[in-house]
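Asks:
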Amino acid sequence: MQIIDNILSLNKKRGTKFLLDKFVWKITEFLKNRYRHQLYSTKSSFLGKAVEVQNLNFDIFKDFISNFDKEKSDILFNVCDRILEHRFDVLGQYDINCGHYYENSYQSHREYIIKHINEQNQKHSLQISRNLPESYKLIDWQRDFASGYRWNENTWHRKIRYGAIEGVDIKVPWEIGRLQFLPWMAFASRVSGDLKYIKAADNIAIDFIMSNPPYFGTQWMTAMDAAIRVVNICAYLAIKKQYGLTVSEKDIIISATLEDHYNFIRKNLEWSGGMRGNHYFAGVCGLIILSSFLGASDKKIRTLRFALNMLAEEILYQFGSDGGNFEASLPYHFFVSEMLFTSLKAIEKIGDNRLNWLNMLINSDDSFKVEGNRIIFSDEVMNRIHAIEKFSAATSLDDGRYPKIGDDDSGYFLRANPPFTFATKENIFSKDLRYLHDKYDVRKSSNRFDDFGVYIINRNKFKLYFRCGSLGQNGKGGHAHNDQLSFCLFIHGREIFTDPGTYNYTAYPELRNLFRSTQSHNVLQDVEMEQNPLPATSGGNLFWLDDRTQSKMLKFSENEIEAMHYGFGLPTNRTMKIEDKEIEGIDNFELNEIKLVNFHLYPGFNAEIISDNLVKIEIVECTITLKSLDGKFKILEYEYAAEYGKKVKAYKIVLASYESNIKWQISINENH
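Each residue of the sequence shown is one higher than the one before, counting from 1 in the numbering used here.
Quick look at the structure:
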C-alpha cells in the first residue's frame with residue numbers, strides 16, 4: 001500500500017516499533033477526522049452538572065420585560081393559541097402545522113429517537129424525553145414546510161448542504177428553531193393567568209433539546225441561529241422568574257442547554273478576516289448575554305472580556321461613521337442594531353461580582369474599562385454608538401417603520417411586543433423613539449448619510465428617502481439591490497412610493513434576482529441592462545453585486561438632490577427639486593431608445609390614469625398626482641414582498657419615454 005510505503009520511507013533507521021506506532025497514529029487520526037460526526041456525543045450538562053437556576057442573572061432582561069405592552073394582548077393570544085397546537089407563522093407562511101408528517105409519523109418519542117438520533121446521543125435524548133407527556137406531538141425541526149423537503153438531524157452540522165434544489169429554503173427550519181416565540185408564551189401566561197402557555201412552551205423547548213443534539217442537523221449549522229435561540233431561551237427563563245411562573249425540573253433541563261449553546265457559539269463564531277457581517281455580530285452578542293446570564297466563573301469572565309472587545313471592534317467595523325450598518329440594507333441595519341442595543345442593556349446589568357472579576361483581568365490593550373459599577377467603552381466606540389442611534393432615529397418614522405432599502409429577510413433578535421416580526425419603537429428601542437428623534441434633531445429638513453448612501457428630506461406632509469452610494473460589505477454587495485438613485489416617499493405617514501422588498505434568497509434564484517433588479521425600484525430603467533450585473537447562478541453568487549454603477553451624490557440640500565451613476569455605460573443623472581407640496585424629478589440618460597421610469601405603489605393603493613400624461617392616486621388625507629409631458633404613463637401589476645416568503649399584488653406606474661431628459665412631477669393636493 002502506498003500509505004505504508006510513504007510512512008516506511010520517513011525514517012528507516014528508527015526501527016519497526018517506531019514505524020508501526022506512527023502508522024497506527026496516522027490511521028487513527030484519519031479515521032477520527034473522517035467519522036467524527038458519527039462518534040460525537042453532546043456531552044450535555046443535563047447529564048453532568050446541571051446549571052443552577054438560582055445562579056442565573058435574570059436582571060439583564062428587566063428592561064426587555066418592562067417593554068411588554070399588555071394592551072396588545074389580543075394579537076398575543078392569536079399567535080400563542082395557535083402555537084399551543086404547533087401552528088406557526090413562518091416567513092410568509094401563515095398557520096403552518098409544524099409536526100411530523102408525510103413518511104414520518106411516530107407512535108412514541110422513543111421510536112423517533114431510535115430512528116433519527118445518532119447512536120452516541122440516543123441515551124441522552126431518551127433521558128430527556130421522559131419529561132414530555134406521551135400525548136405530546138413532536139415538532140419536525142428539520143423540514144421546510146413549504147416544499148416538504150427534509151434535512152437529516154443525524155447529519156454533522158458542517159456537512160449540511162442547501163441552495164441546490166429549487167423551491168427548498170433552509171431558512172424555514174432555521175426560523176422555527178430560533179424559538180423566538182418562547183418569551184411570547186411566557187407573557188401570555190402572565191396576562192391570562194393560565195399556565196397552559198408556559199407548559200406548552202416548556203414542552204416545545206424540551207422537544208427541541210431532545211431532537212437536536214448539539215452539532216447535528218440544520219439547527220446547529222450556524223452560530224448566529226444558536227445565538228438568537230439561546231438569547232430567547234434566556235429571556236423566557238427570566239420572564240418565568242420575574243412573574244413566578246413555575247420552576248420545575250424542565251427549567252433545569254432548559255437551563256442546561258445554555259451551556260451547550262455557549263460552548264457551540266464560542267467554538268464556531270463566524271469570523272472572517274476578509275468580510276464578516278451580521279452572523280459574526282450575532283455570535284458575539286450571544287456570548288456577551290450568555291456570559292452575563294450564566295453563573296460567574298473564570299471561563300465565563302474570560303469569554304465576556306473577549307466578547308466585549310470583539311463587540312467594540314465590530315461596532316467600528318460594521319457601522320460607518322454616519323451610524324449606518326455597512327451591509328447597505330436598512331432592515332439589516334435595524335436587525336444588527338437590535339442585537340447591539342440588547343447587548344448594551346445586558347452589559348448595564350452584569351453585576352458587581354462579574355465587574356470586579358473582569359476588572360482584575362483587563363489591561364490597557366482592552367477596548368473598555370470598568371469604572372464603579374459600569375463598563376465604559378472608548379470615546380471612539382461611544383461616538384459610533386451615538387451615531388447608530390441618530391441614524392436609526394433619522395431613517396425611521398415615529399412608530400418605528402422604515403422603507404425596505406436593500407435586503408430584508410424579516411430577521412429579528414428579541415421581540416417583546418406584537419406584531420413581533422415587525423419593527424416598532426417598543427420592539428427595537430429601549431428608549432422611546434421620539435426621544436431619540438428629539439435628542440438628535442432628526443426632524444430637521446434634511447439628513448445625509450454618505451457612508452451608508454441614504455439621504456432624507458423631511459417636510460410637514462412627507463418624508464423622502466433617496467438612495468445613492470455604496471453597495472456595502474466592503475464592495476461585495478451581498479445585501480444591496482440595484483436601487484441606485486431610487487426613492488421612497490411617505491405622505492401623511494403612509495408609504496406611497498415603496499421599495500418592493502425581498503421575497504426569497506436561495507430557494508428561487510430568479511425571484512431573488514427579480515426583487516433586487518433595476519425594474520423593481522423607483523428608477524430610470526434601461527430595458528436592456530441592469531444597473532449592476534446580477535449573477536444567474538444559485539448559492540453564494542446570489543449574494544454578490546459588482547459595482548458598475550459607481551454612484552455619486554453631486555448636490556444635496558433641503559430643496560434639491562442631484563446624483564448620478566454609470567451602470568448603463570453612459571452617465572445616468574437624476575435631479576429632484578423639493579418643495580412643501582411638490583417634487584419635480586428630471587432623469588437624464590443620452591440613449592435614443594425607449595426608457596422606463598418606475599413608480600412602485602405600496603400595496604392597497606390604486607392609481608387612475610386621467611390621460612397619457614397624468615395619473616391620480618387618492619388617499620384619505622389628499623390627492624396625489626403624477627404628471628409628465630415627456631412620455632406616456634401606464635399601470636402594471638407587480639409583486640410586493642410584504643415579508644420574506646410572502647408576496648402580495650400591488651401596482652406600479654410606469655412612464656415610457658424616448659426623451660433624453662424625462663421630467664415628471666409629484667404633487668400633493670390636500671382634501672378639505
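Every residue, glycine too, gets a C-beta built ideally from N, C-alpha and C.
Look up E621 in the DSSP assignment and say whether it is helix, strand or coil.
Replies: Residue mapping note: residue 621 aligns to position 621 of the sequence shown, counting from 1. Reduced to three states, the DSSP call for E621 is coil.
Asks: G323 and I388 look like a contact to me (Cβ under 8 Å); what is the Cβ gap, rounded to whole Å?
Replies: Within the sequence shown, the letter at position 323 stands for residue 323. Within the sequence shown, the letter at position 388 stands for residue 388. Right, their Cβ atoms sit about 4 Å apart.
Asks: Is DSSP giving P571 helix, strand or coil here?
Replies: Position 571 of the sequence shown holds residue 571. Looking at P571 - three-state DSSP - the assignment turns out to be strand.
Asks: Counting along the chain, where does the beta strand (DSSP E) carrying G286 start and finish?
Replies: On the sequence shown, position 286 is the one that residue 286 refers to. Premise fails: G286 lies in the alpha helix (DSSP H), 278–293, not in any beta strand (DSSP E).
Asks: With 9 Å set as the bound, which would you pick, yes or no: does the beta-carbon of I113 sit closer than that to a beta-carbon of chain C?
Replies: Included in the structure is just one protein chain, with no chain C present.
Asks: Output the boundary residues of the beta strand (DSSP E) element that contains H600.
Replies: Reading the sequence shown from its first residue, position 600 is the one you call residue 600. Residues 595–600.
Asks: Flag this pair as yes or no: are the beta carbons of H261 and G286 separated by less than 9 Å?
Replies: As a first step, residue 261 must be located in the sequence shown, where it is residue number 261. As a first step, residue 286 must be located in the sequence shown, where it is residue number 286. Yes, they are a contact pair.
Asks: Kindly indicate which three-state DSSP category T258 falls into: helix, strand or coil?
Replies: What you label residue 258 is simply residue 258 of the sequence shown in a count that begins at 1. Looking at the sequence provided, one finds Leu at residue 258 rather than Thr. Note: L258 maps to helix in three-state DSSP.
Asks: If you compare alpha carbons, which of V191, K199, F216, Q219 is closest to L251?
Replies: Here the question's residue 251 lines up with position 251 in the sequence shown. Here residue 251 turns out to be Asp, not Leu, going by the sequence shown. Cα-wise, what sits closest to D251 is K199.
Asks: With H, G and I counted as helix, E and B as strand and the rest as coil, what does DSSP make of F368?
Replies: Residue numbering aside, residue 368 sits at position 368 when the sequence shown is read from its first letter. In this structure, F368 counts as strand in the three-state DSSP scheme.
Asks: Could you check the C-alpha separation between E314 and E639 for me, to the nearest Å?
Replies: Translated into positions along the sequence shown, residue 314 becomes position 314. Translated into positions along the sequence shown, residue 639 becomes position 639. When rounded, the distance between both Cα atoms is 36 Å.
Asks: Would you mind reading off the limits of the alpha helix (DSSP H) that contains Y503?
Replies: As a position in the sequence shown, residue 503 is number 503, starting the count at 1. Per DSSP, Y503 belongs to no alpha helix (DSSP H) and is neither H nor E.
Asks: Beta carbon of D407, beta carbon of T518: below 9 Å?
Replies: Here residue 407 refers to the residue found at position 407 when the sequence shown is read from its first residue. Here residue 518 refers to the residue found at position 518 when the sequence shown is read from its first residue. No.
Asks: Taking L485 as the reference, give the member of H479, M553, K299 with the closest Cα.
Replies: Numbered from its first residue, the sequence shown carries residue 485 at position 485. Ranking the options by Cα distance to L485, first place goes to M553.
Asks: Among I666, I65, S470, I496, which one has its Cα closest to the Cα of Q753?
Replies: Past the edges of the chain, shown from 1 to 672, lies residue 753, and the structure says nothing about it.
Asks: When the Cβ atoms of the stretch 640–658 are set against those of the stretch 582–601, are three or more pairs found closer than 8 Å?
Replies: The stretch 640–658 vs the stretch 582–601: in contact.
Asks: Between the Cα of S396 and the Cα atoms of C468, H437, N356, which residue gives the shortest distance?
Replies: Working through the sequence shown from its first residue, we reach residue 396 at position 396. Considering only alpha carbons, the answer is H437.
Asks: Kindly identify the DSSP beta-bridge partner or partners of K577.
Replies: On the sequence shown, residue 577 is found 577 positions in, with the first residue counted as 1. BP columns for K577 point to E560, E584.
Asks: The alpha helix (DSSP H) spanning R354 covers which residue range?
Replies: Translated into the one-based positions of the sequence shown, residue 354 becomes position 354. Here the alpha helix (DSSP H) through R354 covers 352–361.
Asks: Between which two residues does the beta strand (DSSP E) carrying L524 extend?
Replies: Start at 1 with the first residue of the sequence shown, and residue 524 comes out as number 524. Start and end: 524–526.
Asks: Comparing C-alpha positions only, which one of R354, Y412, E495 sits nearest to R401?
Replies: In the sequence shown, the residue the question calls residue 401 occupies position 401. The residue with the shortest Cα to Cα distance from R401 is E495.
Asks: Return the chain-ordered ranges of every beta strand (DSSP E) run that is complete within the stretch 467–518 and spans a minimum of 3 residues.
Replies: Complete beta strand (DSSP E) runs here, min 3: 487–491, 494–497.
Asks: Using a Cβ-Cβ cutoff of less than 8 Å, which residues in the same chain neighbour L316 once the five nearest sequence positions on both sides are dropped?
Replies: On the sequence shown, residue 316 is found 316 positions in, with the first residue counted as 1. For L316, where only same-chain residues beyond five positions count, the Cβ hits under 8 Å are E380, V381, R384.
Asks: Rounded to a whole number of angstroms, what is the C-alpha to C-alpha distance between L545 and S129?
Replies: Start at 1 with the first residue of the sequence shown, and residue 545 comes out as number 545. Start at 1 with the first residue of the sequence shown, and residue 129 comes out as number 129. Computed Cα separation, rounded: 47 Å.
Asks: Report the CB separation of K171 from D409 in whole angstroms; it is logged as a contact under 8 Å.
Replies: Position 171 of the sequence shown, counted from the first residue, corresponds to residue 171. Position 409 of the sequence shown, counted from the first residue, corresponds to residue 409. Going by Cβ atoms, the distance from K171 to D409 rounds to 7 Å, so yes, they are a contact pair.
Asks: Roughly how many angstroms separate the alpha carbons of N417 and D69, rounded to a whole number?
Replies: Within the sequence shown, residue 417 is the residue found at index 417, counting from 1. Within the sequence shown, residue 69 is the residue found at index 69, counting from 1. Taking the straight line from one Cα to the other gives about 6 Å.
Asks: With burial defined as no fewer than 16 other Cβ atoms inside 10 Å of the residue's Cβ, what is the status of D5: buried or exposed?
Replies: Here residue 5 is taken as the residue at index 5 of the sequence shown, counted from 1. Note on D5: pLDDT 48, under 50, position unreliable in the model; the coordinate value appears next. Exposed, since its Cβ has fewer than 16 Cβ neighbours within 10 Å.
Asks: What is the DSSP secondary structure of M310, reduced to helix, strand or coil?
Replies: The residue labelled residue 310 in the question sits at position 310 within the sequence shown. Of the three classes helix, strand and coil, the one that applies to M310 here is helix, per DSSP.
Asks: Can you tell me where the beta strand (DSSP E) holding W664 begins and where it ends?
Replies: Indexing the sequence shown from 1 puts residue 664 at position 664. From DSSP, the beta strand (DSSP E) with W664 extends over 661–670.
Asks: Spatial neighbours of S446 within its chain, please: CB distance less than 8 Å, with the 5 preceding and 5 following residues excluded, ordered by chain position.
Replies: By one-based count along the sequence shown, residue 446 stands at place 446. Contacts found: Y455, I456, I457, N458, F556, S557, E558.
Asks: Quick check: what's the CA-CA separation for F58 versus D587?
Replies: As a working note, residue 58 is residue 58 in the sequence shown. As a working note, residue 587 is residue 587 in the sequence shown. Answer to the nearest angstrom: the Cα atoms are 56 Å apart.
Asks: Given this structure, state the Cα-to-Cα distance separating V648 from Y602, to the nearest angstrom.
Replies: To locate residue 648, count along the sequence shown from 1; it is residue 648. To locate residue 602, count along the sequence shown from 1; it is residue 602. Straight-line Cα distance between these residues: approximately 10 Å.
Asks: DSSP state of A186, grouped into three classes?
Replies: Residue 186 sits at position 186 when you count from the first residue of the sequence shown. Looking at A186 - three-state DSSP - the assignment turns out to be helix.
Asks: Does N363 pass the burial test, meaning 16 or more other C-beta atoms within 10 Å, or should it be called exposed?
Replies: To locate residue 363, count along the sequence shown from 1; it is residue 363. It is exposed - the Cβ of N363 has fewer than 16 other Cβ atoms within 10 Å.
Asks: When we look at the beta-carbon of K390 and count the other beta-carbons within 10 Å, is it buried (16 or more) or exposed?
Replies: As a position in the sequence shown, residue 390 is number 390, starting the count at 1. Result: buried.
Asks: Using a 10 Å radius around the Cβ and a threshold of 16 neighbouring Cβ atoms, would you call E643 buried or exposed?
Replies: The sequence position of residue 643 within the sequence shown is 643, counting from 1. E643 should be labelled buried.
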